[in-house]
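Residue numbers (the working numbering): 38 to 251.
Just below is one structure, and these are the notes that go with it.
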Ligand SMILES: Nc1ncnc2c1ncn2[C@@H]1O[C@H](COP(=O)(O)OP(=O)(O)OP(=O)(O)O)[C@@H](O)[C@H]1O
Ligand SMILES: [Mg+2]
């Protein structure tokens with residue numbers, strides 16, 4: 038579904054090549070873990086896959102179609118195919134859980150929002166203010182929001198990085214149920230607990246993604 042061909046990435050004003058002809062194929066994997074040292078480019082790679090970063094060379098294909106860099110085409114690409122949960126959730130702290138979810142879908146379907154909050158185990162949280170949530174609850178809201186558009190692929194950037202082990206396990210269970218929705222998941226993680234539930238594991242070594250076998 039996702040194929041990256043010879044992706045090269047260098048930030049402007051940096052003389053360091055982050056990716057040098059990087060290749061990746063999601064293949065038939067349902068869940069993929071991406072590990073790698075801090076600063077190796079994991080978040081940048083997810084942003085490229087999410088269509089949020091177009092400053093790269095090489096070809097990105099989704100379902101055998103080239104993902105163009107045209108902003109309008111990219112917008113519909115994202116709406117129809119892919120969601121990302123970023124490293125710091127990007128929730129509006131002073132708004133309610135429900136309001137945060139409504140912002141991500143154009144037709145404000147209360148029913149859909151209730152269904153999604155139920156899926157993530159927060160069925161009574163719609164009117165609760167985000168600033169009052171625990172880290173694990175905020176992560177669930179971010180997951181619910183990402184799933185509202187029914188993405189084919191969910192990208193998650195260190196979704197359990199800030200959580201204790203018990204909460205991490207709860208989030209992992211949630212990912213297992215998302216798998217059953219047919220959504221493919223690519224997770225950037227430092228955690229073995231997380232990578233061990235994934236079908237395929239990669240490590241981002243300097244400039245390249247390598248399949249990890251263990
Ligand atoms: N907008 C930017 N402009 C310049 N350099 C950037 C920018 N964003 C990221 N970088 C640099 O690119 C490198 C990769 O960053 P990235 O956030 O992708 O790493 P990461 O693997 O996700 O790290 P971590 O595990 O700490 O989250 C870092 O050296 C970072 O400083
Ligand atoms: Mg990162």
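A virtual CB, placed ideally from N, CA and C, is assigned to each residue, including glycine.
Leaving out the 5 sequence neighbours to the left and right, which residues in its chain are closer than 6 angstroms to residue 190 when beta-carbon positions are compared? The residue you call residue 190 lines up with position 153 of the chain shown. Sequence-distant Cβ neighbours of residue 190 in its own chain, meaning closer than 6 angstroms and more than five residues away, are 119 and 221.
In this structure, does DSSP put residue 169 in helix, strand or coil? Against the chain shown, residue 169 aligns to sequence position 132. Helix, per DSSP.
Out of 248, 240 and 250, point me to the one whose CA is closest to residue 74's CA. The residue given as residue 74 occupies position 37 in the chain shown. Taking residue 74 as reference, the option from 248, 240 and 250 with the minimal CA-CA separation is 240.
Close Cβ partners of residue 57 (< 8 angstroms) along its chain, the five nearest in sequence each way excluded: Mapped onto the chain shown, residue 57 falls at position 20. Within the same chain, residue 57 has close Cβ partners 45, 244 and 245.
Mind checking residue 195: buried by the 16 CB within 10 Å criterion, or exposed? Translated into the one-based positions of the chain shown, residue 195 becomes position 158. Buried: at least 16 other Cβ atoms inside 10 Å.
In its own chain, which residues sit with a C-beta less than 7 angstroms from the C-beta of residue 125, not counting the 5 before and 5 after it? Position 88 of the chain shown, counting from 1, holds the residue named residue 125. So the list is empty, once near-sequence residues are dropped.
Quick check on the DSSP output: what are the complete beta strand (DSSP E) runs of length 3 or more inside the region 50 to 104, in order along the chain? 56 to 62, 68 to 73 and 94 to 99
Mind checking whether residue 102 and residue 38 have CB atoms under 8 angstroms apart? Counting from 1 along the chain shown, the entry for residue 102 is found at position 65. Counting from 1 along the chain shown, the entry for residue 38 is found at position 1. Result no, Cβ atoms of residue 102 and residue 38 do not sit closer than 8 angstroms.
Look at the Cβ atom of residue 41, then the Cβ atom of residue 95, and state whether they are nearer than 8 angstroms. Translated into positions along the chain shown, residue 41 becomes position 4. Translated into positions along the chain shown, residue 95 becomes position 58. Yes, they are a contact pair.
On a CA-only basis, which of 91, 223, 106 and 97 is nearest residue 188? Give me that one, please. What you label residue 188 is simply residue 151 of the chain shown in a count that begins at 1. Nearest C-alpha to residue 188: 223.
Cβ shell of residue 49 (< 8 angstroms), same chain only, five flanking positions each side left out: Within the chain shown, numbered from 1, the residue matching residue 49 stands at position 12. Excluding residues within five positions, the ones whose Cβ falls inside 8 angstroms are 92.
Within 10 angstroms of its Cβ, does residue 105 collect 16 or more other Cβ (buried), or is it exposed? On the chain shown, position 68 is the one that residue 105 refers to. Exposure of residue 105 is indicated by the presence of fewer than 16 other C-beta atoms within 10 angstroms of its C-beta.
Is residue 174 near residue 159, with beta carbons less than 8 angstroms apart? For this step, residue 174 is matched to residue 137 along the chain shown. For this step, residue 159 is matched to residue 122 along the chain shown. Taking 8 angstroms as the Cβ cut-off, residue 174 and residue 159 qualify as a contacting pair.
Is residue 194 helix, strand or coil when you go by DSSP? Counting from one through the chain shown, the residue named residue 194 turns up at place 157. Looking at residue 194 - three-state DSSP - the assignment turns out to be strand.
Using 8 angstroms for Cβ pairs, my map puts residue 238 next to residue 72. What's the rounded Cβ distance? As a position in the chain shown, residue 238 is number 201, starting the count at 1. As a position in the chain shown, residue 72 is number 35, starting the count at 1. Yes, residue 238 and residue 72 are in contact; Cβ-Cβ is about 7 angstroms, under 8 angstroms.
Residue 73 Cβ short of 7 angstroms to ligand 1 heavy atom set: As a position in the chain shown, residue 73 is number 36, starting the count at 1. Residue 73: yes, Cβ under 7 angstroms from ligand 1.
On the three-state DSSP scale, how would you describe residue 234? Position 197 of the chain shown, counted from the start, is the residue given in the question as residue 234. For residue 234, the three-state secondary structure derived from DSSP is coil.
Terminal residues of the continuous alpha helix (DSSP H) containing residue 150? As a position in the chain shown, residue 150 is number 113, starting the count at 1. Here the alpha helix (DSSP H) through residue 150 covers 147 to 156.
Using DSSP with H/G/I as helix, E/B as strand and the rest coil, what is residue 226? Taking the chain shown and counting its residues from 1, one reaches residue 226 at position 189. If DSSP states are grouped into helix, strand and coil, residue 226 belongs with coil.
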